[in-house]
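Peer 1: In the numbering used here, the protein residues as written are 438 to 762. Backbone N, C-alpha and C define an ideal beta-carbon position, used for all residues, glycine too.
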């Protein structure tokens, strides 16, 4: 029986070692990198030493026989994300491949939802702004851990009932078992005094009192302009004319930022029933979501401001930010 086994191994060794060098390299590389076979086994199969197997594998890499690509399972761009972290004030970045813009909002929402699933723990307090993107995050997220979910803006504009920030918070609270803190108020009022009065009402004050405790806040980065910022569209013409003088490039839950990252028009922000700029800056992790060609300047302004800790964007926008920092 043993002699039969030895003859079989010897025959295999002779057959394998009769391969040309290129074929031997490919054989070793396939067995090692694809099949996961140990070098000792490959050496027996080829009838050569493990040292020579190592040489074949090294030649497979250096000679172009093997191409190794490292990527996240979700397809996000690790290299661009690392470049953003190294060259900007950002602590973290998630960069999706460049897609047709019609699909981009869904992809960015999915990436943001994945980030929340991976990084939030049972003691986290999550803040959510209103907007289509945060609504899509709620619809795409299947698992979430946190102790409370806080609505950080009043209701500015809702196209459908299911896009209401109150509905978004309700769904995520059910998903996570967290306490919910909705804000039953309009997002923009005629004066800062009226905003203060509304914020002092018991139901709203309960939510506002949670703002300093938020550990992670998710917010859309909006271009300041018609149809791109719900706060812009809710604003009166006189106020818009005054705000225009400060040249805002971006809006994040009512905080306006100009192209060089400076906060502008604070009087307008004080009219917003929303987390104010000083509270926004104190949140440990502000996750800003924005991408597509129309948002390049807005995302750049938001990054320059230092308000954003984690950016969720696409490859084209990441390249624009990197080229202009």
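Give every residue of the same chain whose Cβ lies closer than 8 Å to the Cβ of residue 578, excluding the five residues on either side of it in the sequence, and list them in chain order.
Peer 2: Here residue 578 corresponds to residue number 141 of the chain shown, with the count starting at 1. 550, 553, 554, 609, 612, listed in sequence order.
Peer 1: Compute the beta-carbon to beta-carbon distance between residue 723 and residue 744, rounded to the nearest angstrom, for a pair I have assumed lies under 8 Å.
Peer 2: Translated into positions along the chain shown, residue 723 becomes position 286. Translated into positions along the chain shown, residue 744 becomes position 307. Indeed, because the Cβ distance is near 6 Å, the residues count as touching under 8 Å.
Peer 1: Count the other CB atoms, across all protein chains shown, that sit within 10 Å of the CB of residue 621; report buried if there are 16 or more and exposed otherwise.
Peer 2: As a first step, residue 621 must be located in the chain shown, where it is residue number 184. Flag for residue 621 reads exposed.
Peer 1: Under the rule that 16 or more other beta-carbon atoms within 10 Å means buried, what is residue 505, buried or exposed?
Peer 2: Residue mapping note: residue 505 aligns to position 68 of the chain shown, counting from 1. With fewer than 16 Cβ atoms within 10 Å of its Cβ, residue 505 is classed as exposed.
Peer 1: Do residue 738 and residue 727 have their beta-carbon atoms positioned less than 8 Å apart in this structure?
Peer 2: Mapped onto the chain shown, residue 727 falls at position 290. Mapped onto the chain shown, residue 738 falls at position 301. Contact flag unset, no.
Peer 1: Comparing C-alpha positions only, which one of 495, 475, 525 sits nearest to residue 760?
Peer 2: Position 323 of the chain shown, counting from 1, holds the residue named residue 760. Of the listed residues, the one whose Cα sits closest to residue 760 is 525.
Peer 1: Against chain B, does residue 698 count as a neighbour if the rule is that its beta carbon must be under 8 Å from one of theirs?
Peer 2: Of the chains in the structure shown, none is chain B; there is only one protein chain.
Peer 1: Would you identify the three-state DSSP class for residue 506, choosing helix, strand or coil?
Peer 2: Working through the chain shown from its first residue, we reach residue 506 at position 69. Coil at residue 506, not helix or strand.
Peer 1: State the Cα-Cα distance for the pair residue 532 and residue 580, rounded to the nearest angstrom.
Peer 2: Here residue 532 is taken as the residue at index 95 of the chain shown, counted from 1. Here residue 580 is taken as the residue at index 143 of the chain shown, counted from 1. Roughly 21 Å between the two C-alpha positions.
Peer 1: Considering only DSSP beta bridges, list what residue 695 is partnered with.
Peer 2: Counted from its first residue, the chain shown places residue 695 at position 258. Answer by DSSP bridge pairing, in chain order: 685.
Peer 1: Where does residue 598 sit, in a helix, a strand or coil, going by DSSP?
Peer 2: On the chain shown, residue 598 is found 161 positions in, with the first residue counted as 1. Reliability of the predicted coordinates at residue 598 is poor, the pLDDT of 49 falling under 50, and the value obtained from them is presented with this limitation in mind. Correct three-state label for residue 598: helix.
Peer 1: For the candidate residues 460, 493, 711, 756, whose alpha-carbon lies nearest to that of residue 647?
Peer 2: Position 210 of the chain shown, counted from the start, is the residue given in the question as residue 647. That would be 711, whose Cα lies nearest to the Cα of residue 647.
Peer 1: To the nearest whole angstrom, what separates the beta carbons of residue 459 and residue 479, a pair I think is in contact under 8 Å?
Peer 2: For the purposes of this step, residue 459 is taken as the residue at position 22 of the chain shown. For the purposes of this step, residue 479 is taken as the residue at position 42 of the chain shown. Between residue 479 and residue 459 the Cβ distance is about 16 Å, and since that is not below 8 Å, they are no contact.
Peer 1: On a CA-only basis, which of 679, 475, 740 is nearest residue 701? Give me that one, please.
Peer 2: In the chain shown, counting from the first residue as 1, residue 701 sits at position 264. Out of 679, 475, 740, the CA that lies nearest to the CA of residue 701 is found in 679.
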